[in-house]
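Engineer: Residue numbers (our numbering), protein chains in the order written: chain A, 5 to 185; chain B, 5 to 185.
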């Protein structure tokens, strides 16, 4: 494990045990067996350790976009989120669940989580607007963001750690398609 | 004008002139002709003056919900957002445009704006889940939130202050309905 991964793991353990407000960067560094200086070389503040780097995050969506061979807007956007659902969150159910409990405990962390999704939406809308009509692109990307996050919440609510996010995403997309029927 | 409204107006003027970071609560109070103490009796911090109170905000959606006579889920959610679009933002184009430029200049303000929408989505989802199926409810409310915010951005981008948000919302909803056709 890299020192970054050790710090992420230590943060989730500590905050789960004693709460977000009660946990300091120093404590997280101690638990991970590194110095506080190492913590602040990796992260700008305490909340930062709960979120992956924006570039890394966006890179997965960019990767999904470049792999899609779909030629219609909606199926292309679907492919991107399906790719992320089936790669990034594989075998991470337990970890994601613990992290989500922490996020939900602090409005500031919910805000940050929403902003991450907003950055992805902005990125995909820009990329796809080159090829597709801007309004339809914006609505498609935002709709798939909604489907993805609704699926993500359903996934986290599953008692079984074997639950597959990509499958739940596909089902949720189906439910979304039926809203208009 | 109440002291709250004076402070809101003063904040938008000052921040537009000199930037968000450069503007202090004291300066906003001075411009509004009240004391800094009055500022902090109304608002918890500088960013707060750019957002209406959560209860006030939610109350408009609750009002829309109680007025709707629609009996299907999607048309009920549509009615709520249409009501808010046609009342809350009437004759506010110039003001909303200035405010939006400020919000877009600061990630922390974008985060807060996203969180406000999240609170509305949570509220409506809870209210409507009593009557309708939870997954369809969540997807419908979130979809309408997407349609509303896309319409709001289109509205702000109009050069003419006479642009009517409710009309743009209705058109955007129509575009959203066609995504799946």
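The beta-carbon is built from N, C-alpha and C at its ideal position, and this holds for glycine as well.
Just the Cα atoms here: how many angstroms apart are residue 107/B and residue 114/B?
Structural biologist: In the second chain, the residue the question calls residue 107/B occupies position 103. In the second chain, the residue the question calls residue 114/B occupies position 110. Looking at the two C-alpha atoms, the distance is approximately 6 Å.
Engineer: Any C-beta of chain A within less than 8 Å: which residues of the stretch 117 to 129 of chain B qualify?
Structural biologist: Going along the stretch 117 to 129 of chain B in chain order, one finds 118, 119, 122 with a Cβ nearer than 8 Å to chain A.
Engineer: Quick one: measure Cβ to Cβ for residue 180/A and residue 147/A, integer angstroms, because I've assumed they're closer than 8 Å.
Structural biologist: Locating residue 180/A in the first chain gives position 176, where the first residue counts as 1. Locating residue 147/A in the first chain gives position 143, where the first residue counts as 1. Right, their Cβ atoms sit about 7 Å apart.
Engineer: What residues in the stretch 172 to 183 of chain B have a beta carbon less than 7 Å from any beta carbon of chain A?
Structural biologist: Listed by position along the chain: 179, 180, 181, 183.
Engineer: What residue from 23/A, 127/A, 24/A, 138/A has the CA that sits closest to residue 84/A's CA?
Structural biologist: Residue numbering aside, residue 84/A sits at position 80 when the first chain is read from its first letter. Taking only the C-alpha atoms, the option nearest residue 84/A is 127/A.
Engineer: Give, in chain order, every residue of the stretch 58 to 83 of chain B whose Cβ lies closer than 9 Å to some Cβ of chain A.
Structural biologist: Cβ contacts with chain A: 77, 78.
Engineer: Going by the CB atoms, is the gap between residue 104/B and residue 160/B shorter than 7 Å?
Structural biologist: Against the second chain, residue 160/B aligns to sequence position 156. Against the second chain, residue 104/B aligns to sequence position 100. Against a cut-off of 7 Å, the Cβ pair of residue 104/B and residue 160/B comes out as a contact.
Engineer: My parser needs the alpha helix (DSSP H) runs of 4 or more residues fully inside the stretch 105 to 163 of chain B; what are they?
Structural biologist: Correct list: 111 to 133, 138 to 160.
Engineer: Can you pull the chain B residues whose beta carbon is under 7 Å from the beta carbon of residue 139/A, in chain order?
Structural biologist: Indexing the first chain from 1 puts residue 139/A at position 135. What residue 139/A touches in chain B: 179.
Engineer: Whole angstroms are fine: how far does the CA of residue 183/B sit from the CA of residue 11/A?
Structural biologist: Within the first chain, numbered from 1, the residue matching residue 11/A stands at position 7. Within the second chain, numbered from 1, the residue matching residue 183/B stands at position 179. Going from the Cα of residue 11/A to the Cα of residue 183/B covers about 43 Å.
Engineer: Could you confirm whether any beta carbon from chain B is found closer than 7 Å to the beta carbon of residue 150/A?
Structural biologist: The count along the first chain starts at 1 and reaches residue 150/A at position 146. Chain B, which has a Cβ nearer than 7 Å to the Cβ of residue 150/A, makes this yes.
Engineer: What do you reckon, are the CB atoms on residue 102/B and residue 154/B nearer than 7 Å?
Structural biologist: Taking the second chain and counting its residues from 1, the one referred to as residue 102/B is at position 98. Taking the second chain and counting its residues from 1, the one referred to as residue 154/B is at position 150. In this structure, residue 154/B does not lie closer than 7 Å to residue 102/B by Cβ.
Engineer: Where residue 171/B and residue 7/B are concerned, what is the direct C-alpha to C-alpha distance, given to the nearest angstrom?
Structural biologist: Looking up residue 171/B in the second chain gives position 167. Looking up residue 7/B in the second chain gives position 3. Approximately 33 Å, taken between the alpha carbons.
Engineer: In angstroms with no decimal places, state the Cα-to-Cα distance between residue 9/A and residue 185/B.
Structural biologist: Within the first chain, numbered from 1, the residue matching residue 9/A stands at position 5. Within the second chain, numbered from 1, the residue matching residue 185/B stands at position 181. Roughly 44 Å between the two C-alpha positions.
Engineer: Given a limit of 9 Å on CB to CB distance, which residues of the stretch 97 to 115 of chain B reach chain A?
Structural biologist: Residues 111, 112, 114, 115.
Engineer: Going along the chain, which residues of its own chain have a beta-carbon closer than 6 Å to the beta-carbon of residue 89/A, five neighbours each way excluded?
Structural biologist: Here residue 89/A is taken as the residue at index 85 of the first chain, counted from 1. Counting only Cβ-Cβ distances below 6 Å, and skipping sequence neighbours, we find 169, 170, 173.
Engineer: Counting along the chain, where does the alpha helix (DSSP H) carrying residue 43/B start and finish?
Structural biologist: Translated into positions along the second chain, residue 43/B becomes position 39. Where residue 43/B is concerned, the enclosing alpha helix (DSSP H) stretches over 40 to 46.
Engineer: Taking a cut of 9 Å between CB atoms, which residues from the stretch 143 to 170 of chain A lie near chain B?
Structural biologist: Residues passing the 9 Å Cβ filter: 143, 144, 146, 147, 149, 150, 151, 153, 154, 157, 158.
Engineer: Helix, strand or coil for residue 37/B? Go by DSSP, reduced to three states.
Structural biologist: Your numbering for residue 37/B matches position 33 in the second chain. Coil at residue 37/B, not helix or strand.
Engineer: Return the chain-ordered ranges of every alpha helix (DSSP H) run that is complete within the stretch 44 to 81 of chain A and spans a minimum of 4 residues.
Structural biologist: Listed in chain order, they are 58 to 71.
Engineer: Is it true that the CB of residue 150/B sits closer than 7 Å to the CB of residue 129/B?
Structural biologist: For the purposes of this step, residue 129/B is identified with residue 125 of the second chain, where counting begins at 1. For the purposes of this step, residue 150/B is identified with residue 146 of the second chain, where counting begins at 1. Against a cut-off of 7 Å, the Cβ pair of residue 150/B and residue 129/B comes out as no contact.
Engineer: Relative to the C-alpha of residue 27/B, which candidate in 41/B, 49/B, 45/B has its C-alpha closest?
Structural biologist: Residue 27/B sits at position 23 when you count from the first residue of the second chain. If we check each option's Cα against that of residue 27/B, 49/B comes out closest.
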